[in-house]
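Engineer: In my numbering, the protein residues as written are 65 to 465. Even for Gly, the Cβ is constructed at its ideal location relative to N, Cα and C.
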Amino acid sequence: MTSSRVTVFDTTLRDGEQAPGCSMTVPEKLRLARQLDRLGVDVIEAGFPIASEGDFEAVRAVAREVRRPIIAGLARAKQEDIARAWEALVYAERPRIHIFLATSDIHLQFKLKITREECLRQISTSVAYARTLCNDVEFSPEDATRSELDFLCQAVQAAVDAGATTINIPDTVGYTVPEEYRAIIHAIRQRVRGIENVIISVHCHNDLGMAVANTLAALEAGARQVECTINGIGERAGNAALEEIVMATRVRPDRLQYETGINTAELYNASQLLGRTISFAPQPNKAIVGANAFAHEAGIHQHGVLSNPLCYEIMTPESVGAPGNRIVLGKHSGRHALARRYTELGFALSGAELDSVYQAFTALADRKKSIYDQDLIALLPRSRREPKPAAGPGARAAFAN
Ligand code: KIV
Ligand code: ZN
Numbered sequence: 065m066t067s068s069r070v071t072v073f074d075t076t077l078r079d080g081e082q083a084p085g086c087s088m089t090v091p092e093k094l095r096l097a098r099q100l101d102r103l104g105v106d107v108i109e110a111g112f113p114i115a116s117e118g119d120f121e122a123v124r125a126v127a128r129e130v131r132r133p134i135i136a137g138l139a140r141a142k143q144e145d146i147a148r149a150w151e152a153l154v155y156a157e158r159p160r161i162h163i164f165l166a167t168s169d170i171h172l173q174f175k176l177k178i179t180r181e182e183c184l185r186q187i188s189t190s191v192a193y194a195r196t197l198c199n200d201v202e203f204s205p206e207d208a209t210r211s212e213l214d215f216l217c218q219a220v221q222a223a224v225d226a227g228a229t230t231i232n233i234p235d236t237v238g239y240t241v242p243e244e245y246r247a248i249i250h251a252i253r254q255r256v257r258g259i260e261n262v263i264i265s266v267h268c269h270n271d272l273g274m275a276v277a278n279t280l281a282a283l284e285a286g287a288r289q290v291e292c293t294i295n296g297i298g299e300r301a302g303n304a305a306l307e308e309i310v311m312a313t314r315v316r317p318d319r320l321q322y323e324t325g326i327n328t329a330e331l332y333n334a335s336q337l338l339g340r341t342i343s344f345a346p347q348p349n350k351a352i353v354g355a356n357a358f359a360h361e362a363g364i365h366q367h368g369v370l371s372n373p374l375c376y377e378i379m380t381p382e383s384v385g386a387p388g389n390r391i392v393l394g395k396h397s398g399r400h401a402l403a404r405r406y407t408e409l410g411f412a413l414s415g416a417e418l419d420s421v422y423q424a425f426t427a428l429a430d431r432k433k434s435i436y437d438q439d440l441i442a443l444l445p446r447s448r449r450e451p452k453p454a455a456g457p458g459a460r461a462a463f464a465n
């Protein structure tokens, strides 16, 4: 029986870094690698050592300092790439060489300009060479989901025969759909000899917004490593978001019976640190870690959440290390939320006062996107504004964003 433990392979520092505006310096990669270690990821892909001197230095620095997780370095199926990756990884406690070579006809014909036979030969020789250096070798047939299935199985067979210990099946261009991806993983498990002795990994891009759904489908078919990034950064539309995969398994153990070693209380810290490092935060409506993931503006929702957060929240903000839910005041807000905010600011309003201020508040909210505490105080009759009471513990300088 396949174990329920899933290896979390974080590629924020490699695939994530390849996205426009996401490149990182050596100290930045080191700081993030320490946070990924606190988060509990099993594998950190720290970079592509042959790509640049900086990337080589970053992989080497992470390999030297971060001792618990496996540290992986990427290499093309070429001797010089593999040797360079090994040079960067040699001092790691647990090194892994990750080799990739495309197997789809479109890549073989137009990008690599090699035959299928040559592709199989390069897989065998590169994986065998990497195994002379390192016991842990991962092979990825790039563009696997657009490769002809029989040839994909031959490529995976060549890698397994040459000694690969993990086989990754990338959906390089985010093209597959859950049903199809599940079938590909299933076929590989059925057809490749010796596949039961290696870990099957998945690596999904988000071009059609299905990276996480595809990843979860592959787990159902027996994959046991997920490749993902913090905030879902990565080439083009990004990679499967680590926080979404992990929280799906925590929130829905009835449907997704998988375990990871992730300390979910560190998810928000990881997202914030990455956002500060690359100078852009995830979009506000990003699942799990976005600014609005636990924010409520509509009156009906606010009333529900104030009565019991479970009405509109399927996980607690604390479980992912987020600061707590936010009741945002705007034109959809109701009296409950308005009364609570005035109370937090130290103003105990009578029912009549609340009625009149609520009218003024909705009129203002129709004109203004963000309502701040100062706006709320200005809505009160002059005689009620002074002396200014001390703000309650929940007071914030700007209550709406
Ligand atoms: O998307 C992809 O195919 C990759 C490989 C290098 C694994 O990132
Ligand atoms: Zn990728």
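In the DSSP assignment, find the unbroken alpha helix (DSSP H) run with Asn-278 in it and report its ends.
Structural biologist: Numbered from 1 along the sequence shown, position 214 holds the residue referred to as residue 278. 275 to 284 is the extent of the alpha helix (DSSP H) around Asn-278.
Engineer: Can you round the beta-carbon distance between Gly-104 and Ile-326 to whole angstroms, since I take them to be within the 8 Å contact cut?
Structural biologist: Position 40 of the sequence shown, counted from the start, is the residue given in the question as residue 104. Position 262 of the sequence shown, counted from the start, is the residue given in the question as residue 326. Correct: roughly 5 Å between the Cβ atoms.
Engineer: Using 8 Å as the threshold, is the region 405 to 412 in touch with the region 367 to 376, meaning 3 or more CB pairs across them?
Structural biologist: no
Engineer: Is it buried or exposed for Arg-78, if we count other Cβ within 10 angstroms and need 16 for buried?
Structural biologist: What you label residue 78 is simply residue 14 of the sequence shown in a count that begins at 1. Arg-78 is buried by the Cβ-count criterion.
Engineer: Under the criterion of a Cβ to heavy atom distance below 7 Å, does Gly-296 qualify as lining ligand 2?
Structural biologist: One-based indexing of the sequence shown puts residue 296 at position 232. Incorrect: Gly-296 has no Cβ contact closer than 7 Å to ligand 2.
Engineer: Return yes when at least one heavy atom of ligand 1 lies under 7 Å from the C-beta of Glu-206, else no.
Structural biologist: Position 142 of the sequence shown, counted from the first residue, corresponds to residue 206. It does: the Cβ of Glu-206 is within 7 Å (strictly closer) of some heavy atom of ligand 1.
Engineer: Here's a check: name, in chain order, each residue in its chain whose Cβ is nearer than 6 Å to the Cβ of Ala-149, leaving out the five neighbours to either side.
Structural biologist: Taking the first residue of the sequence shown as 1, we reach residue 149 at position 85. Apart from sequence neighbours up to five positions away, the residues of its chain that approach Ala-149 with a beta-carbon distance below 6 Å are Pro-113, Gly-137, Ala-139, Ile-161, ordered along the chain.
Engineer: Taking 7 Å as the line, does the beta carbon of Asp-79 fall inside it for any heavy atom of ligand 2?
Structural biologist: Mapped onto the sequence shown, residue 79 falls at position 15. Within the cutoff, so yes.
Engineer: Can you tell me which of the three DSSP states Ala-301 falls into?
Structural biologist: For the purposes of this step, residue 301 is taken as the residue at position 237 of the sequence shown. The answer is coil: DSSP assigns Ala-301 none of H, G, I, E or B.
Engineer: Where DSSP assigns a beta bridge to Asp-74, which residues make up the other side?
Structural biologist: As a position in the sequence shown, residue 74 is number 10, starting the count at 1. Paired residues: Ile-108, Cys-292.
Engineer: What are the start and end residues of the beta strand (DSSP E) that includes Leu-96?
Structural biologist: As a working mapping, residue 96 is identified with position 32 in the sequence shown. It is not in any beta strand (DSSP E) - Leu-96 instead sits in the alpha helix (DSSP H) that spans 90 to 103.
Engineer: Mark Asp-119 as exposed unless 16 or more other C-beta atoms lie within 10 angstroms of its C-beta, in which case mark it buried.
Structural biologist: Along the sequence shown, read from residue 1 onward, the residue named residue 119 stands at position 55. By the 10 Å Cβ count, Asp-119 comes out buried.
Engineer: Nearest CA to the CA of Val-471: which residue from Cys-292, Ser-414, Thr-279, Thr-380?
Structural biologist: As displayed, the chain neither begins before 65 nor continues past 465, which places residue 471 out of reach and without an answer.
Engineer: Helix, strand or coil: how does DSSP classify Pro-445 here?
Structural biologist: The residue given as residue 445 occupies position 381 in the sequence shown. Three-state DSSP puts Pro-445 in coil, outside helix and strand.
Engineer: Return the CA-CA distance between Ala-454 and Pro-84, expressed in angstroms with no decimal places.
Structural biologist: One-based indexing of the sequence shown puts residue 454 at position 390. One-based indexing of the sequence shown puts residue 84 at position 20. The pLDDT assigned to Ala-454 is 45, lower than 50, so where the model puts this residue is not dependable, and the model offers no usable value.
Engineer: Going by the CB atoms, is the gap between Tyr-245 and Gly-70 shorter than 8 Å?
Structural biologist: Counting from one through the sequence shown, the residue named residue 70 turns up at place 6. Counting from one through the sequence shown, the residue named residue 245 turns up at place 181. Checking the displayed sequence, the identity of residue 70 turns out to be Val instead of Gly. For Val-70 and Tyr-245, no; Cβs fall outside 8 Å.
Engineer: If we ignore side chains and look at the alpha-carbon of each, how far apart do Ala-424 and Ala-345 end up?
Structural biologist: Reading the sequence shown from its first residue, position 360 is the one you call residue 424. Reading the sequence shown from its first residue, position 281 is the one you call residue 345. Between Ala-424 and Ala-345, the C-alpha separation is close to 34 Å.
Engineer: Using CA atoms only, rank isn't needed, just tell me which of Ala-282, Ala-287, Gln-336, Ala-305 is closest to Thr-293.
Structural biologist: Walking along the sequence shown from the start, residue 293 turns up at place 229. Nearest of Ala-282, Ala-287, Gln-336, Ala-305 to Thr-293, Cα basis: Ala-305.
Engineer: Closer than 7 Å: is that where the CB of Pro-234 sits relative to any heavy atom of ligand 4?
Structural biologist: As for ligand 4, it is missing from this structure, which binds only ligand 1 and ligand 2.
Engineer: Candidates Gly-238, Asn-356, Thr-240, Val-201: which alpha carbon is nearest Val-224's?
Structural biologist: Within the sequence shown, the letter at position 160 stands for residue 224. Selected option, being the one with the closest Cα: Val-201.
Engineer: Go through its chain and collect everything with a Cβ distance to Thr-75's Cβ below 6 Å, but skip five positions before and after it.
Structural biologist: For the purposes of this step, residue 75 is identified with residue 11 of the sequence shown, where counting begins at 1. By the criterion of a C-beta distance shorter than 6 Å, Thr-75 is surrounded in its chain by Glu-109, Glu-291, Thr-293, once the five residues flanking it on both sides are discounted.
Engineer: Give the list of continuous beta strand (DSSP E) stretches no shorter than 3 residues that lie fully inside the region 181 to 221.
Structural biologist: 201 to 206
Engineer: With DSSP as the reference, identify every bridge partner of Ser-265, one or two as the case may be.
Structural biologist: Working through the sequence shown from its first residue, we reach residue 265 at position 201. DSSP lists Asn-232, Gln-289 as partners of Ser-265.
Engineer: Helix, strand or coil for Ile-134, going by three-state DSSP, please let me know.
Structural biologist: Against the sequence shown, residue 134 aligns to sequence position 70. Ile-134 falls in the strand class under three-state DSSP.
Engineer: Measure the CB-CB distance between Gly-286 and Ile-264 and report whether it falls below 8 Å.
Structural biologist: Here residue 286 refers to the residue found at position 222 of the sequence shown. Here residue 264 refers to the residue found at position 200 of the sequence shown. The answer is yes: Cβ separation under 8 Å.
Engineer: Using DSSP's beta-bridge definition, name the partner residues of Pro-159.
Structural biologist: Position 95 of the sequence shown, counted from the start, is the residue given in the question as residue 159. Paired residues: Ile-135.
Engineer: Tell me, please, whether the region 234 to 245 touches the region 175 to 193 by the rule of three or more beta-carbon pairs shorter than 8 Å.
Structural biologist: no
Engineer: Please determine, among Pro-205, Gln-221, Ile-163, Lys-175, the residue with the shortest C-alpha to C-alpha distance to Ala-194.
Structural biologist: As a working note, residue 194 is residue 130 in the sequence shown. Closest option to Ala-194, Cα to Cα, is Ile-163.
Engineer: Should Val-123 be labelled buried (16 or more other beta-carbon atoms within 10 Å of its own) or exposed?
Structural biologist: Residue numbering aside, residue 123 sits at position 59 when the sequence shown is read from its first letter. Buried, by the Cβ-count rule.
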